[in-house]
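**Q**
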Amino acid sequence: MDDIDIYDLASQVLGDITHSLNKGIYAELGGELTITWRTEKKFGAYASSLDEAGKPPMHRVTMYYELARQVWQDAEELCKFLRSIPHDSDVDKLYDFYGDRTKLPKCFNDKDLVNNIFVAAITWVYFHEIGHLMQEHGIIRDEFREGHSGTQKAADVYDFEASNHNRLVGREALVSHVTELAADFEATNLYILELLRHVNDPDFVESEERKEVLDGLIYLMVCGLSLLFLRFNGSQPILPTAVIEGSHPNPLIRLELNVPHIFETLDMTAELFDHGLDRKQLVLLCGKAALSATLFWSMSRTEKHEFDDRFLLKGLLSNSVVLQYLQPIVACWDKILPRVKEVRRFGPALGLMSFTDSFKERVASVITWGNGPEGKSATSQSPDVMA
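With positions in the sequence shown counted from 1, the corresponding number in my numbering is that position plus 1228.
1. Excluding the five sequence neighbours on either side, which residues of its own chain have a C-beta within less than 6 Å of the C-beta of Thr1262, listed in chain order?
2. Nearest to Ile1358 by alpha carbon, out of Ile1420, Ala1415, Ser1528?
3. Looking only at its chain, what residues have a beta carbon closer than 7 Å to the beta carbon of Ile1234, apart from the 5 residues adjacent to it on each side?
4. Considering only the alpha carbon of each residue, which of Ile1367, Phe1539, Leu1453, Ile1245 lies closest to Glu1280?
5. Nearest-angstrom Cα distance between Ile1466 and Leu1480?
6. Roughly how many angstroms lie between the CA atoms of Tyr1293 and Thr1267, to the nearest whole one?
7. Are there 16 or more other CB atoms within 10 angstroms of the CB of Leu1483, so buried, or fewer, so exposed?
8. Pull up the distance between the alpha-carbon of Leu1278 and that of Thr1584, whole angstroms please.
9. For His1503, which residues in the same chain have their Cβ closer than 6 Å to its Cβ, ignoring the five residues on either side in sequence?
10. Per DSSP, which residues does Glu1260 bridge with? Please list them.
11. If you count every other CB in all the chains shown that lies within 10 Å of the CB of Phe1355, and 16 or more means buried, which is it?
12. Among the residues of its own chain, which have a CB less than 6 Å from the CB of Cys1514, if the five just before and after it don't count?
13. By the three-class DSSP mapping on this structure, what secondary structure does Arg1482 have?
14. Val1427 to Glu1499, Cα distance in whole Å?
15. Could you tell me the boundaries of the alpha helix (DSSP H) in which Ala1517 lies?
16. Give the straight-line distance between the Cα atoms of Val1241 and Ala1517, rounded to the nearest whole angstrom.
17. Sorted by chain position, which residues of the same chain lie with C-beta nearer than 7 Å to Val1591's C-beta, five sequence neighbours on each side aside?
18. Using C-beta distances below 8 Å, list every residue in its chain close to Trp1352, excluding the 5 sequence neighbours before and after it, in chain order.
19. Just to confirm, is the Cβ distance from Arg1538 to Pro1285 under 8 Å?
20. Are the Cβ atoms of Gly1331 and Tyr1323 separated by less than 8 Å?
21. Between the C-alpha atoms of Val1406 and Ile1564, what's the straight-line distance to the nearest angstrom?
22. Output the distance between the C-alpha atoms of Thr1493 and Glu1422, rounded to the nearest integer angstrom.
23. For Phe1372 and Val1397, which I take to be in contact (beta-carbon distance under 8 Å), what is that distance rounded to the nearest angstrom?
24. Can you give me the start and stop residues for the beta strand (DSSP E) that Ala1273 sits inside?
25. What separation, rounded to the nearest whole angstrom, lies between the Cα atoms of Asp1318 and Leu1541?
26. Run through the stretch 1317-1341 for me and flag every whole alpha helix (DSSP H) of 4 or more residues, listed as ranges in chain order.
27. Nearest-angstrom Cα distance between Lys1532 and Arg1567?
28. What's the C-alpha gap between Asp1320 and Glu1434?
29. With a 10 Å radius around its C-beta and 16 neighbouring C-beta atoms as the bar for buried, classify His1476 as buried or exposed.
30. In this structure, how does DSSP classify Met1449 when only helix, strand and coil are distinguished?
31. Considering just the uninterrupted stretch of the alpha helix (DSSP H) at Phe1372, what are its terminal residues?
32. Name the DSSP bridge partner or partners of Tyr1292?
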């Protein structure tokens, strides 16, 4: 597809979402949501709240055409890569863990495979920016940073190009990381609910084909989301560190958090939407999609062009460095959540980031001192997370 056609498709998809939100929730609130596009060669997006606190929301999301172009390119290349894996090769056999070696949903043609990955990825980015706006993160960041002046002000919230801004440290970095994860949570929730609503529309798919189509769309969504974070990460895996600095969390940690959120949310909504996928199926489906994206990225987008398991999802609870990183994240979110609920513009409670009691207990109990494995691993260092 030519670049101009990619831009047109992206504009149409996100324009339709914007129109729908304006007819619905923004009309009810007396506000407006607008979307603008920029031509600079940046893989990015940002959110702007143009109103004063307590007034009708005047929100704007700015997207970069370059993001759309690169997402489409990555989606095309991913599909080509997966089709090219030799039968019975070591890479092919990795899929046996997931029950079969099918790497792309069979219910879509080649064009629709790329299109669905693309739409999922750019829509998730758009919803992430809306997540910032829903929770008024400009205000939250200003109120909870060190040296808060006591005044409330709106602010732009930048994503995917954060390295171009001043490097944050201390409390300011912590609040920025927390609000990024909170926006991720809103985005994933918004996307899943929209996906389920779409698939349950009888005009979209016949009931007897619904499960297969939903299965395929979930798989392609995880592929798209994985590609986003892998591109944000770059060609070298960023090793986790317990130190919170910069404006954004480690992209691979964000992916580790979002993939379970996808299958957890789908599992919770199983009875309501009757989608026919049980928890085990969802876990394997999402894990398989993440593996596909990881294989593609490490074997196509890195210098060595070979499989690198450092890109793989390994589970947050198995890494003490990540657990140590999450300790202040969980504590900070608990502190700011009441204020977020006060200023949050709209959305179901399901969209608010949450941690189970067992997760909190595991995070709080990590041992980061002494001679044990957790104490040793906590000393790991990483390069600049925003590089």
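For glycine and all other residues, C-beta sits at the position ideal for the given N, C-alpha and C. Only a predicted model underlies this, so the values are computations on that prediction, with no experimental measurement involved.
**A** Concretely, from the data shown:
1. Excluding positions up to five away in sequence, the list reads Arg1288.
2. It is Ala1415 whose Cα lies nearest to the Cα of Ile1358.
3. Its chain contains Ala1296, Arg1297, Trp1300 as the residues whose beta carbon lies nearer than 7 Å to that of Ile1234, once the 5 sequence neighbours on both sides are disregarded; these appear in chain order.
4. Answer by Cα proximity: Ile1367.
5. In this structure, the CA atom of Ile1466 is about 8 Å from the CA atom of Leu1480.
6. Taking the straight line from one Cα to the other gives about 6 Å.
7. By the neighbour-count rule (16 or more Cβ atoms within 10 Å), Leu1483 is buried.
8. Going by the C-alpha atoms only, they are around 35 Å apart.
9. Taking C-beta separations shorter than 6 Å and ignoring five residues to either side along the sequence, the partners of His1503 in its chain run Leu1442, following chain order.
10. Answer is Met1286, bridged to Glu1260.
11. By the 10 Å Cβ count, Phe1355 comes out buried.
12. The beta carbon of Cys1514 lies closer than 6 Å to those of Val1450, Val1487, Ile1490, Phe1491 in the same chain, with the five residues before and after it left out.
13. Judged by DSSP in its simplified three-state form, Arg1482 adopts helix.
14. Cα to Cα, Val1427 sits roughly 15 Å from Glu1499.
15. Run containing Ala1517: 1507-1528, per the alpha helix (DSSP H) assignment.
16. Roughly 23 Å between the two C-alpha positions.
17. The answer, listed in chain order, is Leu1551, Leu1554, Gln1555, Val1558.
18. Counting only Cβ-Cβ distances below 8 Å, and skipping sequence neighbours, we find Ala1415, Thr1416, Tyr1419, Met1449, Gly1452, Leu1453, Leu1456.
19. By the CB criterion at 8 Å, Arg1538 and Pro1285 fall outside the cutoff.
20. First, the residue type needs correcting, since residue 1331 is Lys and not Gly in the sequence shown. It is a contact, given that the beta carbons lie within the stated cut-off.
21. Cα to Cα, the separation comes out at about 9 Å.
22. Approximately 12 Å, taken between the alpha carbons.
23. The C-beta distance from Phe1372 to Val1397 rounds to 15 Å, too long to meet the 8 Å contact threshold.
24. Where Ala1273 is concerned, the enclosing beta strand (DSSP E) starts and stops at 1273-1277.
25. Approximately 19 Å, taken between the alpha carbons.
26. Correct list: 1318-1321.
27. Pairing Lys1532 with Arg1567, the inter-Cα distance amounts to about 47 Å.
28. So the two alpha carbons sit approximately 32 Å from each other.
29. Buried.
30. Three-state DSSP puts Met1449 in a helix.
31. That run of the alpha helix (DSSP H) goes 1365-1372.
32. According to DSSP, which records beta bridges pairwise, Tyr1292 is partnered with Arg1266.
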